[in-house]
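This report refers to the structure that appears directly beneath it.
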DNA sequence: TACCAGGTGGGAA
DNA sequence: TTCCCACATGGT
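In this note's numbering, the protein residues as written are 24 to 229.
Quick look at the structure:
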């Protein structure tokens with residue numbers, strides 16, 4: 024079984040074990056999928072999704088239904104609104120930066136990466152889940168799982184190449200499934216006993 | 001109380 | 001290039 028086959032085996036196994044994750048859209052009160060993904064992707068940086076839900080609830084209460092609606096407020100107001108997701112000053116700057124890219128009409132992964140506060144993961148999440156651009160989202164969970172599952176650590180670009188399949192359903196679900204795996208089994212202290220991937224995992228089989 | 005969560009930027013080595 | 005730390009809040 025080569026690397027690609029092993030990746031696809033893991034994908035099917037995780038899909039059977041955890042089911043579809045349907046990360047986005049979640050359709051809160053946000054009018055467009057794009058705005059919802061952008062808001063979620065920025066606000067969830069280094070905080071749990073629960074914190075983001077609190078903010079989305081705040082926005083719902085205030086009748087805010089788009090990024091444009093939100094960014095009409097002064098920073099002081101935004102800081103209070105977004106407070107549950109922490110790092111608010113930077114996140115406000117980031118959201119304004121992304122909004123600027125959208126208005127310029129030059130949306131691309133490269134343009135997003137120029138925005139302060141947008142790293143590769145956030146740019147990829149926005150491009151994949153909001154705009155259906157086929158890219159693999161690599162985060163800490165992915166790297167941790169990859170190293171354990173395959174038993175080696177290649178460069179980031181190579182991880183992307185190995186995990187990539189030109190299929191949006193796969194790209195969207197696989198990233199979400201790996202995160203679910205990371206939360207349930209492939210934690211910092213791994214729980215290999217009942218992990219659905221343990222039979223082909225180089226770490227679990229040691 | 002300590003650690004972690006759907007990261008990123010910047011400085012030091 | 002890589003490593004480490006600050007950024008800040010809420011849940012367990």
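Yeah, the Cβ is synthetic: ideal placement off N, Cα and C, and Gly gets one too.
Hey, could you find the ends of the alpha helix (DSSP H) residue 138 is sitting in?
Here residue 138 belongs to no alpha helix (DSSP H), and DSSP marks it neither H nor E.
Hey, how far is the Cα of residue 40 from the Cα of residue 229?
23 angstroms
May I ask you to report which of helix, strand or coil DSSP gives residue 70?
coil
If we ignore side chains and look at the alpha-carbon of each, how far apart do residue 174 and residue 43 end up?
27 angstroms
Give a yes or no on whether the C-beta atoms belonging to residue 60 and residue 149 are separated by under 9 angstroms.
yes
Looking only at C-alpha atoms, which of 130, 109, 211 sits nearest to residue 76?
109
Validate contact between the segment 113-127 and the segment 88-97 using beta carbons, cut 8 angstroms, 3 pairs:
yes
Residue 213 by DSSP, collapsed to three states: which one?
coil
Distance, residue 221 Cα to residue 70 Cα:
28 angstroms
Roughly how many angstroms lie between the CA atoms of residue 224 and residue 194, to the nearest whole one?
21 angstroms
Contact belief for residue 146 with residue 135 at Cβ below 8 angstroms, rounded distance in angstroms:
4 angstroms
If you measure between the beta carbons of residue 37 and residue 200, is that distance less than 9 angstroms?
yes
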